[in-house]
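Undergrad: Protein chains in written order, with this note's numbering: chain R, 9 to 493; chain W, 17 to 947; chain A, 226 to 332. Where a beta carbon is used, it is the ideal one built from N, C-alpha and C, also for glycine.
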Amino acid sequence: MLQHLIFFPVLLPLLAGIFLLLPPLHGHVKRQRVAVLVVNILLLVSAVLLLQQSIHHEPQMYMMGDWQAPFGIALVNDKLAAIMLLLSAVLGFAVHLYVFGGDDQRGPFFHPLFMFQLMGINGAFLTGDAFNLFVFFEILLIASYSLLIHGGGKQRTQAAVHYVLLNLVGSVFFLFGLGIIYATFGTLNMADMAYKAAHLNADDIALAKAGGLLLLVVFGLKAALLPLHFWLPRTYAHTSTPVAALFAIMTKVGIYSLWRMHTAVFGDHAGELANIAVFWLWPLAVATLIAGIIALLASQTLKMLAANLVVISAGSLLLTVALNSPQATAAGLYYLIHSTLMSAALFLIAGMVQEQRGQAQDRFVRSRPVNQPALLGGFFFVAALALIGMPPLSGFVGKILLLQAAGDAADAVWVWPPVLISGLAAIIIFSRAGTTLFWRVQGASQNQVLAHPLQIAATVLLLLMSPALVIWGGGSDRFLFVSRL
Amino acid sequence: MNLFWIPLLPLLGTLVPLLSYRFGRTATAALTALLPAISLLLVVLAIPAVFAGEALTWQMQWIPQIGLNLAFHLDGLGLLFSLLILGIGLLVILYARYYLSDNDDMGRFYSYLILFMTAMLGVVLSNNLLQLWFFWELTSISSFLLISFWSHKTDARKGARMALTITGAGGLALLGALILIGQTVGSYDLRTVLASGDVLRESAVYPVIIILFLLGAFTKSAQFPFHFWLPHAMAAPTPVSAYLHSATMVKAGVFLLARFYPVLADTELWFVIVSMVGLATLLLGAYTALFKHDLKGLLAYSTISHLGLITLLFGLDTELAAIAAVFHIINHAVFKASLFMAAGIIDHESGSRDMRQLNGLWKYMPYTATLAMVAAASMAGVPLLNGFLSKEMLFAETLHQKTLGSLSWLIPLLATIGGALAVAYSLRFIHDVFFNGEPINLPRTPHEPPRYMRVPVEILVVLCLLVGVFPGFSVGELLNAAASAVLYKPLPDFSLAVWHGFNGPLLMSLLAVAGGITLYFNRRHLFAFQGQFVELDAKIEFEKCIQWMTAKATVIHRWLDNASLQRYVLLLVVFALVVAGWPLLQLEGASGSRPQLPVNAVFLVAAGILIIGTLATVMFSHLRLLALILISIVGLIVAIAFAYFSAPDLALTQLSVEVATIILFLLSLYFLPQKTSLRDGSPRRIVRDLSIASLVGAVIGTLCYAMLTRPLNSISEFFIVNSKTGGGGTNVVNVILVDFRGFDTLGEITVLAIAGLGIYKLLAGMRLYVPAADSDGRPWAKDKNPMMLALVSQSLLPLALLVSAYIFLRGHNMPGGGFIAGLITAIALIQQYIAHGVAWMKVRLNFPYHGLIAVGLLLATFSGLGSWLFERPFLTTWFDYFSLPWIGKFELASAMVFDLGVYFTVIGATLLILANLGQLTTSERPLPGGK
Amino acid sequence: METIYAICVGIITAGGVFLVLRAYTFAVVLGLTLLSYAVNLFLFASGRLVINGAAILGESDVYADPLPQALVLTAIVIGFAMTAFALILALRARADLGNDQVDGDKD
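Here it is in structure tokens:
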């Protein structure tokens, strides 16, 4: 069984998704919940096993259909993939806990779609084949389209129209890019592409460049690279709480693909094709960060704030891709884990605040108090510290790693000011948000809504990851430094 | 190990009050004090070692990749600060026991307070730059929590936010400075850094380091122009003001100046900036303090002024100045903490802090008044009190320095003026509060506070006297140890005597006292003069500034992001155009070496139709039904093109998908307006879009041409060679789909399945306006299910099923396969829906489509999992040939099960989509909830 | 023939891009359909053009590159799923938002 371990992160959610559509699970809330919980735990276990494997062994391959490497589709487990899988498992587990509070009953097929979503994300992390990456992108996209509208509502529909249509155009460019890649490289296996990149016909170089850069557009769209990031804030802010939390990892799929494609295939070794994306990424990542800061300061609701923070974290992560060094990648990876979990936590908190505050929802206006001020306020405070990047929570380690990675004086001029200022902007907006939401109250609450114990458990689980990342941050050395991408 | 316990014990102590508050106030206070007291004991026990010059350190690895270690060390400076932090902290705990009312959450208060204590100890004991910053930020956070302790008060909320923002910004600057220092030196170890002064001062980034570093220090220590947050931090309960905002936290900034004095000072840049900022703060604080009616306001500005004094001393280019600075840190902490506590007592017992109401309290609380007056005298710099000594040292050093070159004479002059102002506001504090007639409209009749509330003040005032009279005996050694840690080299000679004879500094002191008294007695004129200026409330200004920033950000944000998909798509397209077009500019000729195929007439005609069809679709997109017909022509030609270029599988698939798509479009059109106005966008926009679209078309066309005319060296040979032998099929494309790249196909049908589920979700509970007539006003035909159609389609169904079975079966060896077969079946079934109506079908085809999807996916997945039994990876196929009588030789392959899965999934998904869409107008429409 | 093929791909792309930039959801979905035609032809072209090549082993000595064909097949199916979703979403938007424009009614 263990020789198939690499396939588990894709297979488990796929099977779960299928069985959730069939009797005896279909239509039974409790059975479905038990089933997804079991699958989540299995996913966690397999992710941990894979991580162990990746630390102790060379990258492992799983060849679909038993066809050898460039011909069949390969799933590849290395440190980077394993960390991402673990991240998605933890996030999926937490969000599922939260969903058991009742969100899964607000529309049909929530659980199977959620499972397919995880399948798409995990597949994108594992696959070593460029076209298969496209297929998994489409799986995670179509699942995200369907999850996005879960619960319904005008704003959600409007957000979905934008998100879906824009991504459909993006997928078109993905295929154009892949066509060019195949036409020049003659292969789809990414390791094979990396090998061939340095030996391409001189005549094909310009074409391959165009193909590689079209993929940059696609991944940039996913990763929220300016000027392709505008879809993100409204989409995340207007979808349902658990879906928004899950989406926290979606931009990271884009970042991950950039690492896989533009740091590995078009990496330093690729001759004339080396680092073709860096020229574009540099200014755009900085611009993303700046646009994110501006949008952050303009945020009027907690969910919008959280969504704009996702843009800021995307900007920071894109910077680490642009910096293009092992140290920067390690910084990016740490920051990625931290920002995914903490953004997700903030979305969950925003959801609970929204439900308890009644009409004012999560808008930054004076209103009736929440029913559990100490609990939610405490959660908010912890998440805020982490996301601002203040000690003692994980954000500060990520920030220091990032600043150090940009240490080379020429780079620092570009990286430091926006990174430091984003911290300041976060302080300003979080202190405004927190004092308004929890302290500027009038009257008494008019509803009896209380956070479901599982919702609280989910939030606590996510928030605990932050101190854990700091306390055991030293141990991260072993897997953060991805020697070979 | 002891060293580690010093900050750790208070850290554990943060939990104590939270657990013990239920045992009553006194018990809580006592228990809370316990752990810090032990810490203090540990520090005291370490005193001999520190005085003997031993380096006490303790270190543990934490996050080595960023250079962050858990590292503590105790030297003279750390010792001095630890004593202040723990000593005054314990007094504040005692004081707060009486200060807080029953309504206040004492447990929370003490917990925050002890958290602050830990953070502050962490700052002063750190032997690692990043760890120092770690604790530095913790002090900002705990300060925020303490200022906003009474969170229902607007003042408290705003004051806290302002303090956090300013000190937080400074913290970020400091982080930048520390990382730069660490990277320049190559280590974050403080001892190593302190030994690398020359490296730092000669580094190219030294000016940047200095600016960032001083931003950090100045914001924390409320130096001009960042001083404005401190008075508003006084919204905190008075014990907090006494502890954080006068004695300790604000000293963190000057601590930093002291700590890095050996490596960062000693340059023109440092001396000029630090001394000028210090001097400005000194004067501004002292001047403003004079006009404050609020007791705590006066003390706050006085604190700013004294912090300026200390900063000024660090900015003077003499070594003795640094020693004086350290001395004044001690003195100020002692007298200012006691003054704040006294102010708190007055507030507590009289109900007011306004000096216009508080008069003549001497009569009501003589004991407290005496204590406060001694402390205030120390603040003013009256001989025999500690404040006098350090002020004398300041005056002496202002006379010796040459910081400003030939303008250096300004410094002693301004320092004297500052001294005079200090005398004046101290005098005001004493005279206005305790004398000057009778109290006016006080809420309560003042009286002496509880016995133990006074104890902390007494202890501090005794210290004022003790240091003031016997400086060498009381603090001499401590000062030596601390000062040598600051200078990081042997101390120059200096004497801590009360009397140095008649000299310059004494003259300055006398002048200051005389000037102060004069100022105070002419205060009416001064107040009148000051009254001409509009007083700015920093809180309001700060709030305005934040609001201005938010407003500006909103404007810019709206300008950037107008919430328009049209713009988003445009940006996406343009971005793609630029990055894909840019490499083409470097390509000399698009044409490659591959020989081209000759053109023939059929092809030309087809291409002509394709182009015309495309253009017509674009032109008539507003006439939707027409556009649909036109686009289906394009699709048809595409299918033909696939067939023409040797891809029959593609042609079949394209054709069947085309049919399904058009049905879908037609069904949707029923619910959408069938015509729209001709103009979709302004002429300018249309021209713009046309140009961009043409450019994209040109780039893609060129890429396509370049691709087509270059030879390809691909992995495909492998598939052709292995298709029959390894995959058991002669239709290579199909073998790729179900075998070589079966995993893609599994993903593809998963996409289709999810789309079906998602579309069901979209349709569930959707309320659509159902038009009663078409766009021209013709009513729909009454006969919804025409007899003819029903008959024909019913008789066609078996044929269609037969065809699909045939196509399915031949798929592996001939064009065809599960996908096409599935679509044909689905469309045949949809036709029955159209012909007979939903109700008729429901009787005959009553199973949930999502179940069919699941069965299909399950079949496909299980066919792949089957190979696990043979210890092969997922989707490894198996096939063999059998022969039966009558049928003859035939092949069985696991790929056929896979293809069957594809078949069912396609039927399920297509029906889920089309049938549910068709059912929208009927009573069978999907409902929210999924049932 | 390659030239004309490329011109066709370019024109369909241009038409598709123009339509996806329109304000009405229907036009955008039409544009996406055109773009998917274009991209399928493009992807197909990555295997170069072959006339009278063998689709089945043994039919002829010349083979068209089968891999792009398989990729295009996958892309067609995924494109169908996506178009269907987009179209139904357009209906949903009409129902929820009361108009059929991508950014809501701006007239």
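Could you tell me the alpha carbon to alpha carbon distance between Thr238(A) and Ala353(R), rounded to whole angstroms?
TA: Here the question's residue 238(A) lines up with position 13 in the third sequence. Here the question's residue 353(R) lines up with position 345 in the first sequence. Answer to the nearest angstrom: the Cα atoms are 42 Å apart.
Undergrad: If you draw a straight line from the C-alpha of Ser219(W) to the C-alpha of Glu335(W), how long is it?
TA: Within the second sequence, residue 219(W) is the residue found at index 203, counting from 1. Within the second sequence, residue 335(W) is the residue found at index 319, counting from 1. Rounded to whole angstroms, Ser219(W) to Glu335(W) spans 24 Å at the Cα level.
Undergrad: Can you tell me the Cα-Cα spacing of Leu493(R) and Ala272(R), whole angstroms?
TA: For this step, residue 493(R) is matched to residue 485 along the first sequence. For this step, residue 272(R) is matched to residue 264 along the first sequence. Only weak support exists for where Leu493(R) lies, its pLDDT of 47 falling under 50; the value from the coordinates is given anyway. Going by the C-alpha atoms only, they are around 5 Å apart.
Undergrad: Please report the straight-line C-alpha distance between His447(W) and Ala388(W), rounded to a whole angstrom.
TA: Here residue 447(W) corresponds to residue number 431 of the second sequence, with the count starting at 1. Here residue 388(W) corresponds to residue number 372 of the second sequence, with the count starting at 1. Their backbone Cα atoms lie some 11 Å apart in a straight line.
Undergrad: Relative to chain A, which residues along the region 577-588 of chain W have a C-beta separation below 8 Å, given in chain order?
TA: Ala579, Ser580, Leu581, Gln582, Val585 and Leu586
Undergrad: So if I threshold CB-CB distances at 8 Å, which residues from the region 819-835 of chain W count as touching chain A?
TA: Asn829, Met830, Pro831 and Phe835
Undergrad: Could you have a look at Ile104(W) and say whether DSSP puts it in helix, strand or coil?
TA: Numbered from its first residue, the second sequence carries residue 104(W) at position 88. Three-state DSSP puts Ile104(W) in a helix.
Undergrad: Round the Cβ separation of Thr258(A) and Asp325(A) to the nearest angstrom and send it over; I've been treating them as touching at under 8 Å.
TA: For the purposes of this step, residue 258(A) is identified with residue 33 of the third sequence, where counting begins at 1. For the purposes of this step, residue 325(A) is identified with residue 100 of the third sequence, where counting begins at 1. Actually they are not in contact, since the Cβ atoms of Thr258(A) and Asp325(A) sit about 16 Å apart, beyond 8 Å.
Undergrad: My understanding is that Ala337(W) touches Glu408(W), with C-beta atoms under 8 Å, so please give their C-beta distance in whole angstroms.
TA: Counting from 1 along the second sequence, the entry for residue 337(W) is found at position 321. Counting from 1 along the second sequence, the entry for residue 408(W) is found at position 392. The Cβ separation is near 13 Å, so there is no contact.
Undergrad: Give the residues of chain W in contact with Thr195(R), contact being defined as C-beta atoms less than 8 Å apart.
TA: On the first sequence, residue 195(R) is found 187 positions in, with the first residue counted as 1. In chain order: Ser730 and Ile731.
Undergrad: Could you tell me which residues DSSP pairs with Lys691(W) in its beta bridges?
TA: In the second sequence, the residue the question calls residue 691(W) occupies position 675. Lys691(W) pairs with Leu639(W).
Undergrad: Does Ser152(R) get closer than 9 Å to chain A when you measure Cβ to Cβ?
TA: By 1-based counting over the first sequence, the position of residue 152(R) is 144. So no, Ser152(R) is outside the interface.
Undergrad: Is there a C-beta anywhere in chain C that falls below 9 Å from the one on Asn85(R)?
TA: No chain C appears in this structure, whose protein chains are R, W and A.
Undergrad: How about the region 74-92 of chain W and the region 37-47 of chain W: do they share at least three Cβ pairs that are nearer than 8 Å?
TA: no
Undergrad: Among residues of its own chain, excluding the 5 on either side of Ser257(W), which ones have a beta-carbon nearer than 7 Å to its beta-carbon?
TA: Translated into the one-based positions of the second sequence, residue 257(W) becomes position 241. For Ser257(W), where only same-chain residues beyond five positions count, the Cβ hits under 7 Å are Met250, Lys312 and Phe356.
Undergrad: How far does the alpha helix (DSSP H) with Leu162(W) in it reach, from first residue to last?
TA: If you number the second sequence from 1, residue 162(W) lands on position 146. First-last of the alpha helix (DSSP H) with Leu162(W): Leu145 to Ile163.
Undergrad: Alpha carbon to alpha carbon, what distance is there between Glu907(W) and Pro901(W)?
TA: Within the second sequence, residue 901(W) is the residue found at index 885, counting from 1. Within the second sequence, residue 907(W) is the residue found at index 891, counting from 1. Going from the Cα of Pro901(W) to the Cα of Glu907(W) covers about 14 Å.
Undergrad: Which residues does DSSP pair with Asn747(W) in a beta bridge?
TA: As a working note, residue 747(W) is residue 731 in the second sequence. Beta-bridge partners of Asn747(W) (DSSP): Ile281(A).
Undergrad: With 16 as the cutoff for other CB atoms within 10 Å, does Lys947(W) come out buried or exposed?
TA: Against the second sequence, residue 947(W) aligns to sequence position 931. With a pLDDT of 38 at Lys947(W), under the threshold of 50, the modelled position of that residue is not reliable, and the figure given next carries that caveat. Lys947(W) is exposed by the Cβ-count criterion.
Undergrad: When the Cα atoms are used, what is the spatial distance from Ala138(R) to Val286(R)?
TA: One-based indexing of the first sequence puts residue 138(R) at position 130. One-based indexing of the first sequence puts residue 286(R) at position 278. Distance between the alpha carbons of Ala138(R) and Val286(R): 20 Å.
Undergrad: By the criterion of Cβ-Cβ separation under 7 Å, what are the contact partners of Arg757(W) in chain A?
TA: Position 741 of the second sequence, counted from the first residue, corresponds to residue 757(W). Residues of chain A passing the Cβ test: Ala295.
Undergrad: Opposite Asn85(W) in the DSSP bridges: which residues?
TA: By one-based count along the second sequence, residue 85(W) stands at place 69. BP columns for Asn85(W) point to Gln77(W).
Undergrad: Run down chain W in chain order and give the residues with a C-beta less than 7 Å from the C-beta of Glu146(R).
TA: The residue you call residue 146(R) lines up with position 138 of the first sequence. Result: Val767.
Undergrad: Given that a residue counts as buried once 16 or more other Cβ atoms are within 10 Å of its Cβ, and exposed if not, what is Phe151(W)?
TA: As a first step, residue 151(W) must be located in the second sequence, where it is residue number 135. Label assigned to Phe151(W): buried.
Undergrad: Checking contacts by CB at 9 Å: is Asp290(A) closer than that to chain W?
TA: Translated into positions along the third sequence, residue 290(A) becomes position 65. At least one chain W Cβ lies under 9 Å of Asp290(A).
Undergrad: Let me know the alpha helix (DSSP H) ranges lying completely inside the region 310-352 of chain W, each 4 residues or longer, listed in chain order.
TA: 311-331
Undergrad: Can you give me the C-alpha to C-alpha distance between Leu512(W) and Ile130(W), rounded to a whole angstrom?
TA: The sequence position of residue 512(W) within the second sequence is 496, counting from 1. The sequence position of residue 130(W) within the second sequence is 114, counting from 1. Distance between Leu512(W) and Ile130(W), taken at the CA atoms: about 34 Å.
Undergrad: Kindly list, in the order they appear in chain A, the residues whose Cβ is closer than 9 Å to that of Thr165(R).
TA: Sequence index remark: in the first sequence, residue 165(R) carries index 157 (1-based). Chain order gives the chain A residues near Thr165(R) as Leu314, Arg317, Ala318, Ala320, Asp321 and Leu322, where near means a beta carbon separation below 9 Å.
Undergrad: Work out the CA separation of Leu401(W) and Gly520(W) for me, nearest whole Å.
TA: Position 504 of the second sequence holds residue 520(W). Position 385 of the second sequence holds residue 401(W). Roughly 19 Å separates the two Cα atoms.
Undergrad: For Lys905(W), which residues does DSSP report across the bridge?
TA: Within the second sequence, numbered from 1, the residue matching residue 905(W) stands at position 889. According to DSSP, which records beta bridges pairwise, Lys905(W) is partnered with Ser899(W).
Undergrad: First and last residue of the alpha helix (DSSP H) that includes Tyr919(W)?
TA: Translated into positions along the second sequence, residue 919(W) becomes position 903. Ser910 to Gly934 is the extent of the alpha helix (DSSP H) around Tyr919(W).
Undergrad: Assuming the contact rule is C-beta atoms closer than 8 Å, Ser156(W) and Thr183(W) should be a hit. Round their C-beta distance to whole Å, please.
TA: Working through the second sequence from its first residue, we reach residue 156(W) at position 140. Working through the second sequence from its first residue, we reach residue 183(W) at position 167. Right, the Cβ-Cβ distance comes to about 4 Å (below 8 Å), so this counts as a contact.
Undergrad: If you draw a straight line from the C-alpha of Asn455(R) to the C-alpha of Leu141(R), how long is it?
TA: Reading the first sequence from its first residue, position 447 is the one you call residue 455(R). Reading the first sequence from its first residue, position 133 is the one you call residue 141(R). Roughly 47 Å between the two C-alpha positions.
Undergrad: Who are Gln326(A)'s beta bridge partners in DSSP?
TA: Against the third sequence, residue 326(A) aligns to sequence position 101. Looking at the DSSP assignment, Gln326(A) forms a beta bridge with Tyr249(A).
Undergrad: Could you please give the first and the last residue of the uninterrupted alpha helix (DSSP H) stretch that includes Met123(R)?
TA: Taking the first residue of the first sequence as 1, we reach residue 123(R) at position 115. Per DSSP, Met123(R) belongs to the alpha helix (DSSP H) from Phe118 to Leu134.
Undergrad: Check the C-beta distance from Tyr660(W) over to Ala231(A) and give it rounded, since I have them as a contact under 8 Å.
TA: Counting from 1 along the second sequence, the entry for residue 660(W) is found at position 644. Counting from 1 along the third sequence, the entry for residue 231(A) is found at position 6. Actually they are not in contact, since the Cβ atoms of Tyr660(W) and Ala231(A) sit about 16 Å apart, beyond 8 Å.
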